[in-house]
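Residue numbers (this note's numbering), protein chains in the order written: chain A, 1 to 235; chain B, 236 to 470.
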DNA sequence: AATCAAAAGATTTTCGAAAATATGTGTTTC
DNA sequence: GAAACACATATTTTCGAAAATCTTTTGATT
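Rendered as structure tokens:
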């Protein structure tokens, strides 16, 4: 079979999955937007079977919703879901961070240091109007937070944290592009302080700082989401 | 199209998903067993597309694993996974129970009382050699534990609890059928005590009892799993 | 006997036509 | 005008053949 675009040694289903996933996260597909097979077939260059497979998988992850015999839609966003997701992240990641501080070794410390460094570098070079560099920044940001909790010793907690991150990232992406440089907030300082407390094995302080970091983020995103909803409703 | 078996107003994909899910949980398909499309096609009477869709969904839920270009297998079981899953259940359900005790109203209390009652009834009439009644008992057991934490107010916690239950139920099913009546354990008494503490709004006691209940279960299941592994390895 | 290559076989993955279902439009009836 | 029905269109869902890929067997060579 002739691959129209490229051959990254991945099945078409995998490619379609990755692509649709990315386009939902980055907002190309808006919340609640119907995902029609014919439309995706053209866009992804794949047949029905791999597309349905990709959508089913995304539905299981919570990025799309599927109604029997009526196809798929991008999963909706809501203020309630944002708050719930962020509070649950705090609850789970606080525990995972605590355990990581107790159990983490050199590898864990190295991962924190290096991911924090990479986050800072990407932060310097990111242009607010360049979607690619924003996506890269988000990736670094995720890597840092994953690194913090990566020594919990629990595969299950890791999976839960992954899924909760996925549930929250869609609220952040539009904020990133609309808020070039946040005035009253020094994100790198917050990240640095968390990292410092974690490496000093001060679990209580690290967890407190992480919690505050997420609560602040939740507030910022809530505001941005509400404004976006108000703007969209008036169209 | 002529449905060979029945028409429960569900798509073939849904049917196949429910069936394979049930057969993995109940042990018809053993851990690590390859799931070949041709075999499933015959057994489920569905074509490739709905079957792949069902398997993809089960893979996202963690019941099967998928290797690119090499198909699907039933997800393996392990002592580590069992321990991790049960400890994570304790962590998450303890929080959800605490919140439910704080927030639950009449509906929550009614749900606990009625599901406990139904669990007791099913417990009386269950025959250890009847797979159907064992499945019904497991269903009642699940309903009771879901009821306990059903007033947490967090959709995310509920989803996590659902998924963790799914991750642990496969370890319980074989134990149920091999241990007709557990000698040193009165499960109904444990459930009754948890229910009592929850309804009395004694959060600390309820959480303590629930934790002990799950720890005991984890120990029993660990033992049973180890014995099963030893027996299987020597064949 | 061990090693490797090519062929044969088995299995997964993809495609597009056909069936099943949902949605929209117009017509009739009251 | 509103409800009810039939028809036409749009969309999802399913099927089975064909292509792509992996696995095993065969056979030649050292």
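Note that beta-carbon positions come from the ideal geometry of N, C-alpha and C, so glycine has one too.
How big is the Cα-Cα spacing for residue 370 (chain B) and residue 186 (chain A)?
Near 55 Å, if we compare the C-alpha coordinates of residue 186 (chain A) and residue 370 (chain B).
At the 8 Å Cβ level, is residue 408 (chain B) part of the contact set with chain A, yes or no?
No, residue 408 (chain B) lies away from the interface with chain A (no Cβ there is under 8 Å from its Cβ).
If you follow the beta strand (DSSP E) that residue 65 (chain A) is in, where does it begin and where does it stop?
Counting along the chain, the beta strand (DSSP E) containing residue 65 (chain A) begins and ends at 64-66.
So is residue 461 (chain B) buried or exposed if we call it buried at 16+ other beta carbons inside 10 Å?
Residue 461 (chain B) is exposed by the Cβ-count criterion.
Kindly list the residues whose CB is nearer than 7 Å to the CB of residue 399 (chain B), restricted to its own chain and excluding five residues on each side of it in sequence; keep chain order.
So the list reads 320, 323, 324, 327, once near-sequence residues are dropped.
Using only the alpha-carbon positions, how far apart do residue 76 (chain A) and residue 175 (chain A) sit?
Between residue 76 (chain A) and residue 175 (chain A), the C-alpha separation is close to 17 Å.
Please state whether the Cβ-Cβ distance between residue 388 (chain B) and residue 334 (chain B) is less than 8 Å.
The answer is yes: Cβ separation under 8 Å.
Look up residue 92 (chain A) in the DSSP assignment and say whether it is helix, strand or coil.
Residue 92 (chain A) falls in the helix class under three-state DSSP.
Residue 166 (chain A) CB to nearest chain B CB: under 8 Å?
No, because no Cβ of chain B sits closer than 8 Å to the Cβ of residue 166 (chain A).
Compare the Cα-Cα distances from residue 189 (chain A) to each of A:157, A:123, A:158, A:171 and report the closest residue.
Ranking the options by Cα distance to residue 189 (chain A), first place goes to A:123.
For the 8 Å Cβ check, are there 3 or more pairs between the region 138-155 of chain A and the region 113-130 of chain A?
Contact holds: three or more Cβ-Cβ distances are below 8 Å.
How would you write the range of the alpha helix (DSSP H) that residue 384 (chain B) sits in, first residue to last?
It is not in any alpha helix (DSSP H) - residue 384 (chain B) carries neither H nor E in the DSSP assignment.
Is residue 212 (chain A) near residue 97 (chain A), with beta carbons less than 8 Å apart?
Going by C-beta atoms, residue 212 (chain A) is not nearer than 8 Å to residue 97 (chain A).
When the Cβ atoms of the region 31-46 of chain A are set against those of the region 10-19 of chain A, are three or more pairs found closer than 8 Å?
Result yes; three or more Cβ-Cβ pairs closer than 8 Å.
Within the continuous beta strand (DSSP E) that includes residue 356 (chain B), where are the two ends?
Taken as a continuous stretch (DSSP letters only), residue 356 (chain B) belongs to no beta strand (DSSP E), being part of the alpha helix (DSSP H) at 341-360.
With 16 as the cutoff for other CB atoms within 10 Å, does residue 285 (chain B) come out buried or exposed?
Classification of residue 285 (chain B): buried, given that the 10 Å Cβ count is 16 or more.
Count the other CB atoms within 10 Å of the CB of residue 191 (chain A); is the residue buried (16 or more) or exposed (fewer)?
The residue in question, residue 191 (chain A), is buried, as its Cβ has 16 or more Cβ neighbours within 10 Å.
Would the region 256-267 of chain B and the region 20-28 of chain A be scored as touching if the rule is three or more Cβ pairs under 8 Å?
No, they do not touch.
Which chain A residues sit within Cβ distance under 7 Å of residue 326 (chain B)?
Here the neighbours are 95.
Name the residue from B:299, B:338, B:366 whose alpha carbon lies nearest to the alpha carbon of residue 402 (chain B).
Considering only alpha carbons, the answer is B:299.
Can residue 408 (chain B) and residue 374 (chain B) be called in contact, C-beta distance under 8 Å?
No. Outside cutoff.
Among the candidates A:218, A:40, A:108, whose CA atom is the shortest distance from the CA of residue 171 (chain A)?
Taking only the C-alpha atoms, the option nearest residue 171 (chain A) is A:218.
Find out if the Cβ-Cβ distance for the pair residue 305 (chain B), residue 268 (chain B) is shorter than 8 Å.
Cβ atoms of residue 305 (chain B) and residue 268 (chain B): not closer than 8 Å.
Of all Cβ atoms in chain A, is any one closer than 8 Å to the Cβ of residue 347 (chain B)?
With 8 Å as the cut-off, residue 347 (chain B) does not count as an interface residue toward chain A.
Following the continuous beta strand (DSSP E) through residue 70 (chain A), name the residue where it begins and the one where it ends.
First-last for residue 70 (chain A): undefined, no H or E at that position.
Starting from residue 312 (chain B) and walking both ways along the alpha helix (DSSP H), at which residues does that stretch end?
Taken as a continuous stretch (DSSP letters only), residue 312 (chain B) belongs to no alpha helix (DSSP H), as it is neither H nor E.
Please check if any C-beta of chain B sits within less than 8 Å of the C-beta of residue 204 (chain A).
Not an interface residue.
With a threshold of 8 Å between beta carbons, is residue 465 (chain B) in contact with chain A?
So, not an interface residue.
Relative to the alpha-carbon of residue 465 (chain B), which residue among B:313, B:253, B:295 has its alpha-carbon at the smallest distance?
Comparing Cα-Cα distances from residue 465 (chain B) to each of B:313, B:253, B:295, the minimum goes to B:313.
Keeping to the same chain, check which residues put their C-beta closer than 8 Å to that of residue 429 (chain B); ignore five residues upstream and five downstream.
Same-chain partners within the cutoff: 383, 441, 444, 445, 448.
Can you pull the chain A residues whose beta carbon is under 9 Å from the beta carbon of residue 284 (chain B), in chain order?
Ordered by position in chain A, the residues that pass the 9 Å Cβ test against residue 284 (chain B) are 48, 49, 52, 53.
Looking at the strands, I want to know which residues DSSP matches up with residue 34 (chain A).
For residue 34 (chain A), which the question treats as bridged, DSSP gives the partners A:73.
Tell me which residues of the region 375-391 of chain B have at least one Cβ-Cβ distance to chain A shorter than 9 Å, keeping chain order.
Answer in chain order: 388, 389, 390, 391.
How big is the Cα-Cα spacing for residue 143 (chain A) and residue 159 (chain A)?
Rounded to the nearest angstrom, the two C-alpha atoms are 14 Å apart.
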